[in-house]
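One structure is given below, encoded as structure tokens.
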Amino acid sequence: MKRVLLAALLALSTLAPALAVQPDEVLPDPALETRARAISQELRCLVCQNQSIDDSNAPLARDLRLLVRDRLKAGDSDTKVMEYVTDRYGDYVLLRPPFKATTLVLWVGPFAVLLLGAAGTFLFLRGRRGVAAGADTAPLSADERRRLDALLRKDD
Amino acid sequence: MRRLLYLLPFLLFLGVGVAFYLGFERDPRDIPSALIDKPAPTFDLPAIPGQPVQGQLGAGGLSSAKLTGDVTLVNVFASWCIPCKAEHPVITRLSREQGVTVYGINYKDKPEDALTWLSRNGNPYAAIGADQDGRVSIDWGVYGVPESYLIDRKGRIRFKHVGPLTPQVVEEQILPMVKHLRQG
């Protein structure tokens, strides 16, 4: 009994992410619908900004989902549909920002900081090894050498 | 020299801190328009159904053809939108006293609601297009009403304001821009 219940719960949990996509929006052609879903997941809802239009229940998100589907039905390719939306709302609607001049800092910044840190660490460690190897200490004088020898011999 | 090097991380931290602090001042809802300096989208919207034609401002619908010739302001509004009511006196003043032609796009509104709203609050629009399914507004990049667009004489979008127009925005941004665009 327990097992059946658990199985039922698990089965239910796969349905849990309540869909914002309404039944009347779904395209009859499953291949087109799959493409529409994939595109919608890449597009930011401008009303609730951290959701994709696929997740959002905002009226504008619904309008944009319908628009994406209309463009697909009209025969647009996936990139064409994306272009159609970015032409109107700018790169801001893309949840994955494109790599270009204005987003250079965003994409390259973390690696630049990492490199800077690595260079800093390298220089710091090299400096310390220099100290340990006695690079900047004077060699022992004859007098010091004699005293050291005396001390070492005492132990034997 | 060496002491300055020890100060470096602190200075870096200070720089990042200042950048983040300034970030707080920015409104994340204010998304830069992709359409600035581009021609206004081509569209042809019908008038609000049921709007009396004779002797009434705002009759005849709105199309992109009307947006050339003079500097105009296109205002996207709806009767269900509370900030639209707040900016209405500002728009009325702009149209009746400050000499700017204002066109309206009525966004996803019930015709009877829109007409009631206009007769109650006054109609400052030289023409209104009814965008009932919101498609034309998507072409304009509208993501929240009210929004206002300043169009130059050649029909290009030159300025966009998201949210209600305030007297301050009109005085400091809209009117100087209108003056500049009329000369150019």
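If you read the sequences in order, they're chains Y and P.
What the first sequence shows, in our numbering, is residues 65 to 220, in sequence order.
What the second sequence shows, in our numbering, is residues 549 to 732, in sequence order.
Note that the Cβ used here is the ideal one computed from N, Cα and C, for glycine as well.
A Cβ-Cβ distance of about 13 Å is found for the pair residue 109(Y) and residue 103(Y), leaving them out of contact under the 8 Å criterion. At least one C-beta of chain P is nearer than 9 Å to the C-beta of residue 131(Y). Here the C-alpha atom of residue 664(P) lies approximately 20 Å from the C-alpha atom of residue 593(P). Residue-level contact by beta carbon fails for residue 162(Y) and chain P, as no gap is shorter than 9 Å.
In the three-state scheme derived from DSSP, where H, G and I count as helix and E and B as strand, residue 202(Y) is classed as coil.
Residue 686(P) sits away from residue 583(P), with the two beta carbons spaced by 9 Å or more. When DSSP states are grouped into helix, strand and coil, residue 672(P) belongs to the coil group. Counting the other Cβ atoms within 10 Å of the Cβ of residue 671(P) gives 16 or more, which makes it buried. With respect to chain Y, the C-beta atom of residue 579(P) has a partner C-beta closer than 9 Å. For residue 640(P), the enclosing alpha helix (DSSP H) has its first and last residue at 630-644. Only residues of its own chain outside the window of five on either side were considered, and among them 91 and 100 have a CB closer than 6 Å to the CB of residue 133(Y), listed in chain order. Taken through DSSP and simplified to helix, strand or coil, residue 150(Y) comes out as helix.
Under the 10 Å beta carbon count, residue 731(P) is surrounded by fewer than 16 other beta carbons and is classified as exposed. The alpha-carbon of residue 648(P) is positioned some 23 Å away from that of residue 630(P). Leaving aside the five residues that flank residue 89(Y) on each side, the residues in its chain whose CB is nearer than 8 Å to its CB run, in chain order, 126, 129, 130 and 133.
Looking at 722(P), 718(P), 698(P) and 684(P), the one whose alpha-carbon comes closest to that of residue 124(Y) is 684(P).
Within chain P, the residues whose beta carbon sits less than 7 Å from that of residue 124(Y) are 691, listed in sequence order.
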